[in-house]
Each structure stands twice: as structure tokens, then as C-alpha cells.
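A.B. asks: Numbering (this note's numbering), first residue to last: 22 to 122.
All C-beta atoms in this analysis are idealised placements derived from N, C-alpha and C, irrespective of residue type, glycine included.
Remember, it's a predicted structure, so these values are computed and weren't measured experimentally.
If you want it as C-alpha cells, here you go:
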């Protein structure tokens, strides 16, 4: 009888722990490519990369002047595509989603 109660208690505690898992445990790393058509010089990518890198959750940024695009790897529990687009627009470079993976 005591063993059954103990097992039931253990199962309840374990289930409660799983249900209370932090959001970061459920987060996924996402990659998005943004089209940034207003880049007009070789220093534009530096400004855009700096702005995108400051967004919480961003782990990698690659900006190409030749392709007029920014490819960002980010944690979707901390950042969204809207956050990334806003960061780019806030430094003068509006962006549109090119691809999302």
C-alpha cells in the first residue's frame, strides 16, 4: 500500500515538473532570410548586422550586400520575425520575409 502511494506521489510530482517546464525548454532555433532591398552601399550590412545582433535570442546574423539579404538564426521563445524586421527598420532598412525555416 505504501509503495502504491509513493509511486502515485512520484508520478504526480514528475508530471507537475513536466507541465511547469520553462519556455526555453520548448523553444526552437529558427532561421529566417529577410530581403533588405534598400541596402545601397558596402557599409549597410554592418549597420544591419549590429542592429539584428542586439535582438535578444539572436545567435547568428549573416548580411549580404550583394544579395540584399540578412539570414538570422534565433530562438523563437525570445524573438520573432516581427522583432527582427523592426530592428532592421529602426536603423533605416525595412525588410521583408524572403524565406523561413
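In three-state DSSP terms, what is residue 59?
C.D. replies: What you label residue 59 is simply residue 38 of the chain shown in a count that begins at 1. The three-state reading of DSSP puts residue 59 in coil, since its state is none of H, G, I, E or B.
A.B. asks: Where does residue 114 land, buried or exposed, given buried means 16+ other C-beta within 10 angstroms?
C.D. replies: To locate residue 114, count along the chain shown from 1; it is residue 93. That one is buried.
A.B. asks: Alpha carbon to alpha carbon, how far is residue 94 from residue 78? Give it in angstroms, no decimals.
C.D. replies: Position 57 of the chain shown holds residue 78. Position 73 of the chain shown holds residue 94. Distance between the alpha carbons of residue 78 and residue 94: 9 angstroms.
A.B. asks: For residue 97, which option in 85, 122, 111 and 56 has the closest C-alpha, if you only look at C-alpha atoms?
C.D. replies: Here residue 97 refers to the residue found at position 76 of the chain shown. Ranking the options by Cα distance to residue 97, first place goes to 122.
A.B. asks: Taking the C-alpha atoms as reference points, what is the distance between residue 106 and residue 117?
C.D. replies: Numbered from its first residue, the chain shown carries residue 106 at position 85. Numbered from its first residue, the chain shown carries residue 117 at position 96. Going by the C-alpha atoms only, they are around 7 angstroms apart.
A.B. asks: On a CA-only basis, which of 59, 84 and 80 is nearest residue 8? Give me that one, please.
C.D. replies: Residue coverage of the chain in this structure runs from 22 to 122, which leaves residue 8 outside it and unanswerable.
A.B. asks: For the alpha helix (DSSP H) holding residue 102, just list the boundary residues, first then last.
C.D. replies: The sequence position of residue 102 within the chain shown is 81, counting from 1. Looking at the DSSP string, the run of the alpha helix (DSSP H) that includes residue 102 is 102–111.
A.B. asks: Which same chain residues, not among the five before or five after residue 63, have their C-beta less than 8 angstroms away from its C-beta?
C.D. replies: What you label residue 63 is simply residue 42 of the chain shown in a count that begins at 1. So the list reads 86, once near-sequence residues are dropped.
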